[in-house]
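Q: Dropping the structure in here first, questions after.
In our numbering, the protein residues as written are 64 to 289.
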């Protein structure tokens, strides 16, 4: 009763459609959750995300939870995540996708979850790394630890928007360092990010982890650009 009273005084709105949330809904309304364009790529070993790395870097598994379509729900939610101070969006996605991965027993094949790091200047500007809450949500459900301090981005790259694959690769090559070698060597790692387009950032980061002698590398993102 008290919760309903406060909802009348301080209505909450869905971050996807801007409609009002009912008492049991959080962040995203039930209708928008139902309409999220899931990829189900975790059910397809040779999926389009995996295909981005063929001939470039060895990847054990490649996942993306949602399809990123211009002007769609996912684009709006990711914009809210990165620029609207709503890290809870990534936390929810991590929990939801984590359950789907757990149902397929992928948690048995991973030792540690590592989010792609932001450069310290961009982290200060934004206040948080949007990949961290996604890693946290996955960790909570999969029962696998996550560590945001294993990697460091030592060079601030330019935005990847409107760059081709070759330009994207040059923009992110050799920009990561390993801070905790003992967390990498001999480990089966899951590298996570918010969106994958060409895969150049994940590839560069993955090469750094292989230089640190990780045993296996898988990648997982909130969304994949179509």
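Where a beta carbon is used, it is the ideal one built from N, C-alpha and C, also for glycine.
Give me the Cα-Cα distance between residue 255 and residue 124, rounded to the nearest whole angstrom.
A: Counted from its first residue, the chain shown places residue 255 at position 192. Counted from its first residue, the chain shown places residue 124 at position 61. Going from the Cα of residue 255 to the Cα of residue 124 covers about 12 Å.
Q: Three-state secondary structure (DSSP) at residue 245?
A: Here residue 245 is taken as the residue at index 182 of the chain shown, counted from 1. Correct three-state label for residue 245: helix.
Q: Under three-state DSSP, which class holds residue 40?
A: Residue coverage of the chain in this structure runs from 64 to 289, which leaves residue 40 outside it and unanswerable.
Q: Whose CA, out of 134, 84 and 175, lies closest to the CA of residue 244?
A: Mapped onto the chain shown, residue 244 falls at position 181. Comparing Cα positions, the closest option is 175.
Q: Buried or exposed: residue 274, going by 16 or more other Cβ atoms within 10 Å of its Cβ?
A: In the chain shown, counting from the first residue as 1, residue 274 sits at position 211. So residue 274 counts as exposed.
Q: From what residue to what residue does the beta strand (DSSP E) around residue 253 run?
A: Working through the chain shown from its first residue, we reach residue 253 at position 190. Residue 253 -> beta strand (DSSP E) spans 251–259.
Q: For residue 185, does the three-state DSSP call read helix, strand or coil?
A: What you label residue 185 is simply residue 122 of the chain shown in a count that begins at 1. Correct three-state label for residue 185: helix.
Q: Are the beta-carbon atoms of residue 205 and residue 192 separated by less than 8 Å?
A: In the chain shown, residue 205 corresponds to position 142, counting from 1. In the chain shown, residue 192 corresponds to position 129, counting from 1. For residue 205 and residue 192, no; Cβs fall outside 8 Å.
Q: Assuming the contact rule is C-beta atoms closer than 8 Å, residue 122 and residue 113 should be a hit. Round their C-beta distance to whole Å, please.
A: Within the chain shown, residue 122 is the residue found at index 59, counting from 1. Within the chain shown, residue 113 is the residue found at index 50, counting from 1. That pair is a contact at about 6 Å.
Q: Do residue 99 and residue 136 come within 8 Å of each other at the CB atom, strictly closer than that value?
A: Position 73 of the chain shown, counting from 1, holds the residue named residue 136. Position 36 of the chain shown, counting from 1, holds the residue named residue 99. Contact: yes.
Q: So, with DSSP's three-state summary, where would you put residue 193?
A: As a working mapping, residue 193 is identified with position 130 in the chain shown. Reduced to three states, the DSSP call for residue 193 is coil.
Q: Starting from residue 153 and walking both ways along the alpha helix (DSSP H), at which residues does that stretch end?
A: Walking along the chain shown from the start, residue 153 turns up at place 90. Per DSSP, residue 153 belongs to the alpha helix (DSSP H) from 151–166.
Q: State the start and end residues of the unbroken beta strand (DSSP E) segment that holds residue 284.
A: Within the chain shown, residue 284 is the residue found at index 221, counting from 1. Looking at the DSSP string, the run of the beta strand (DSSP E) that includes residue 284 is 279–288.
Q: Going straight from the alpha carbon of residue 286 to that of residue 134, what length do you get?
A: Residue numbering aside, residue 286 sits at position 223 when the chain shown is read from its first letter. Residue numbering aside, residue 134 sits at position 71 when the chain shown is read from its first letter. If I take the Cα positions, the gap works out to 14 Å.
Q: With C-beta atoms as the reference, is residue 154 less than 8 Å away from residue 199?
A: Position 91 of the chain shown, counted from the start, is the residue given in the question as residue 154. Position 136 of the chain shown, counted from the start, is the residue given in the question as residue 199. Yes. Within cutoff.
Q: Would you please state the rounded distance, in angstroms, between the beta carbons of residue 139 and residue 79? I believe it to be under 8 Å.
A: Counted from its first residue, the chain shown places residue 139 at position 76. Counted from its first residue, the chain shown places residue 79 at position 16. Yes, residue 139 and residue 79 are in contact; Cβ-Cβ is about 6 Å, under 8 Å.
Q: So, is residue 284 buried or exposed, given that buried needs 16 or more other C-beta atoms within 10 angstroms?
A: As a first step, residue 284 must be located in the chain shown, where it is residue number 221. Burial call: buried.
Q: With distance defined between alpha-carbon atoms, name the residue in 213, 83, 128 and 82 nearest to residue 259.
A: The count along the chain shown starts at 1 and reaches residue 259 at position 196. Of 213, 83, 128 and 82, the residue nearest in Cα terms is 128.
Q: Can you name the start and end residues of the beta strand (DSSP E) that residue 175 belongs to?
A: Walking along the chain shown from the start, residue 175 turns up at place 112. 175–178 is the extent of the beta strand (DSSP E) around residue 175.
Q: Closer than 8 Å by C-beta to residue 66: which residues in its own chain qualify, once you throw out the five before and the five after it? Chain order, please.
A: By 1-based counting over the chain shown, the position of residue 66 is 3. Residue placement at residue 66 cannot be trusted, given a pLDDT of 47 that sits under 50; what the coordinates show is reported in the next sentence. Around residue 66: 86.
Q: If you check the beta carbons only, do residue 247 and residue 272 fall under 8 Å apart?
A: One-based indexing of the chain shown puts residue 247 at position 184. One-based indexing of the chain shown puts residue 272 at position 209. Yes; because the gap between Cβ atoms is below 8 Å, this pair is in contact.
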